[in-house]
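Trainee: Questions regarding the structure given below will be posed in turn.
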Amino acid sequence: MIYTITLNTAIDRILYVKKELTRKKNNVIESIGYDIGGKATHVSVVLSQMNIENIATGFVGEHNHALLISLLETQKVDSKFIIQKGCRTRESTVVVDESGLGSYMITEQGFEITESSHQKLLTFLKENVQKDDLVVFAGSPPSGYSIEKYKQLLKAVKENEGLLIIDAARSFLKEAIKLQPFFIKPNEEEIEELVGKQLLEEKEYIEEIKKLIENVEVVVVTLGKKGSYIGFQNQFYKVTPPQVKEVNDTGCGDAFVGGMVSKLSKEKRDVLKAARFATAVSALKATQKTSSIPSLTTIDEWLDKVKIERIGE
Ligand code: TA6
Numbered sequence: 011m012i013y014t015i016t017l018n019t020a021i022d023r024i025l026y027v028k029k030e031l032t033r034k035k036n037n038v039i040e041s042i043g044y045d046i047g048g049k050a051t052h053v054s055v056v057l058s059q060m061n062i063e064n065i066a067t068g069f070v071g072e073h074n075h076a077l078l079i080s081l082l083e084t085q086k087v088d089s090k091f092i093i094q095k096g097c098r099t100r101e102s103t104v105v106v107d108e109s110g111l112g113s114y115m116i117t118e119q120g121f122e123i124t125e126s127s128h129q130k131l132l133t134f135l136k137e138n139v140q141k142d143d144l145v146v147f148a149g150s151p152p153s154g155y156s157i158e159k160y161k162q163l164l165k166a167v168k169e170n171e172g173l174l175i176i177d178a179a180r181s182f183l184k185e186a187i188k189l190q191p192f193f194i195k196p197n198e199e200e201i202e203e204l205v206g207k208q209l210l211e212e213k214e215y216i217e218e219i220k221k222l223i224e225n226v227e228v229v230v231v232t233l234g235k236k237g238s239y240i241g242f243q244n245q246f247y248k249v250t251p252p253q254v255k256e257v258n259d260t261g262c263g264d265a266f267v268g269g270m271v272s273k274l275s276k277e278k279r280d281v282l283k284a285a286r287f288a289t290a291v292s293a294l295k296a297t298q299k300t301s302s303i304p305s306l307t308t309i310d311e312w313l314d315k316v317k318i319e320r321i322g323e
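Going from the sequence shown to our numbering is simple: count from 1 and add 10.
Here it is in C-alpha cells:
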C-alpha cells in the first residue's frame with residue numbers, strides 16, 4: 011500500500027487573471043477555480059489517475075473538509091483524513107495570469123494540530139503501515155507542529171519497515187534524512203538551505219548528492235523547468251524536461267513526486283524509468299490551468315522528449 015501524508019492540507023483558490031498581473035492596476039479576474047492543495051494530496055491524484063492503490067491521509071478542518079474530500083473524490087482519490095473539530099482547512103490563493111512566467115502563490119498558515127489529532131494519525135500509521143509500504147510526507151507541517159511530533163510519525167513508519175518518501179524543507183528535511191528515508195526530493199532552495207550554501211555548478215550538486223546518498227537511497231534535486239539532478243547507487247544523472255507552454259506551474263513538484271512513486275512502487279525499482287516518467291508528468295502538469303494533474307490521458311508522447319544524461323563520471 012502507498013500512503014500520502016498531508017499534515018497541512020489546503021484548498022487552492024485559483025484566480026485566473028487576464029494579461030499579466032501588474033501592481034497598482036486593477037487586474038481583471040477572468041475566472042475562479044478551486045483545486046486540491048497541500049502537496050502530498052497531489053501525489054495521491056497522480057497515483058489514483060494511474061489506478062495505483064493509495065490512501066491520502068493527514069489533517070483537515072471540520073468546517074470545509076467536505077469541499078476538499080469532494081475535490082479528491084473527483085480525482086478518484088481514496089482518503090482517510092483526521093478531521094479536527096472547530097477548524098477550517100486553509101486556502102492557498104494561486105494567481106495565474108497570461109504571462110507564462112509562472113503563478114503567484116499566497117498560502118495561509120493552517121490550523122494548529124491538537125495532541126489528540128496527532129495521536130490519531132500516529133495510531134493510524136502504527137496500525138496500518140506494513141513492510142515495504144511507501145509512505146509519502148510532502149508539504150509544510152502546520153504552524154506549531156513540532157519536529158518531535160514529525161519524527162514520531164516518521165519513526166512509526168520505520169518501525170513497521172515502511173519506506174519513507176520525503177518532500178520537506180528546513181529542519182523537517184534535516185531530521186528526516188537522519189532516519190534514512192528511501193527517496194527525498196528537495197528543490198533548489200531546499201537543498202541550498204540544507205547544505206548551507208549556494209550551489210551553482212553541476213559538480214557542486216553532485217558533491218552534495220553524493221553525501222546525501224550515504225543516508226538516502228534515491229535523491230532527486232528538482233530545478234523547475236531546468237529539470238533535475240538524480241543520485242542513486244553512486245550514479246548521477248541530469249534530467250532535462252521538454253520545454254512546454256507553461257500555464258500554471260503550481261503542483262509540478264508534487265506531480266513529479268507522484269510520477270516517481272508510481273514507478274518506484276513497482277517490483278523492479280527502475281529509477282531512471284521513474285525519473286523519465288515523473289519528468290513527463292511534471293511537464294504535462296505545467297501546461298494545465300489547475301493545481302493538480304488532470305487525467306493522464308497519454309503520457310507516452312512526452313517520454314521520449316525527456317533527456318537523461320549520466321554525469322559525474
Ligand atoms: O505544491 C503546490 C501546493 O500544494 C499548492 O497546491 C498549495 O496548496 C501549496 O503547494 C501548499 O504548500 P505548503 O508547502 O504550504 O504545504
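Ideal Cβ positions, reconstructed from N, Cα and C, are used throughout, including at glycine.
The structure displayed is predicted, hence computed values, not measured ones.
1) Out of G268, P152, G71, T289, which has the shortest C-alpha to C-alpha gap to D310?
2) Measuring only from the beta carbon, is S113 closer than 7 Å to any heavy atom that is part of the ligand TA6?
3) State the Cα-Cα distance for the pair I93 and L131, rounded to the nearest angstrom.
4) By DSSP, does E227 sit in helix, in strand, or in coil?
5) Which residue's Cα is closest to the Cα of K276: G71, A66, D142?
6) On the premise that K95 lies in contact with E118, defined as a C-beta separation below 8 Å, what is that separation, rounded to the nearest angstrom?
7) For Y26, report the span of its beta strand (DSSP E) as first-last.
8) In angstroms with no decimal places, state the Cα-to-Cα distance between K90 and A66.
9) What are the start and end residues of the alpha helix (DSSP H) that includes G269?
10) Use the C-beta contact count for I46: other C-beta atoms within 10 angstroms, 16 or more gives buried, fewer gives exposed.
11) Measuring from the CB of A290, is there a heavy atom of the ligand TA6 at a distance below 7 Å?
12) Classify E10 as buried or exposed, calling it buried when 16 or more other Cβ atoms lie within 10 Å of its own Cβ.
13) Extract the residue ranges of the alpha helix (DSSP H) inside the segment 146 to 181, only unbroken runs of 4 or more that lie entirely within it.
Mentor: In short:
1) T289
2) Checking the Cβ of S113 against the ligand TA6 gives no.
3) Approximately 10 Å between the Cα atoms of the pair.
4) Reduced to three states, the DSSP call for E227 is coil.
5) D142
6) Contact flag wrong, Cβ pair sits at about 19 Å.
7) 20 to 27
8) The C-alpha of K90 lies about 6 Å from the C-alpha of A66.
9) Its alpha helix (DSSP H) spans residues 262 to 274.
10) Label assigned to I46: buried.
11) no
12) Shown here, the chain extends from 11 to 323; a query on residue 10 therefore has no answer.
13) With a minimum length of 4 residues, the continuous alpha helix (DSSP H) runs that stay inside the segment 146 to 181 are 157 to 169.
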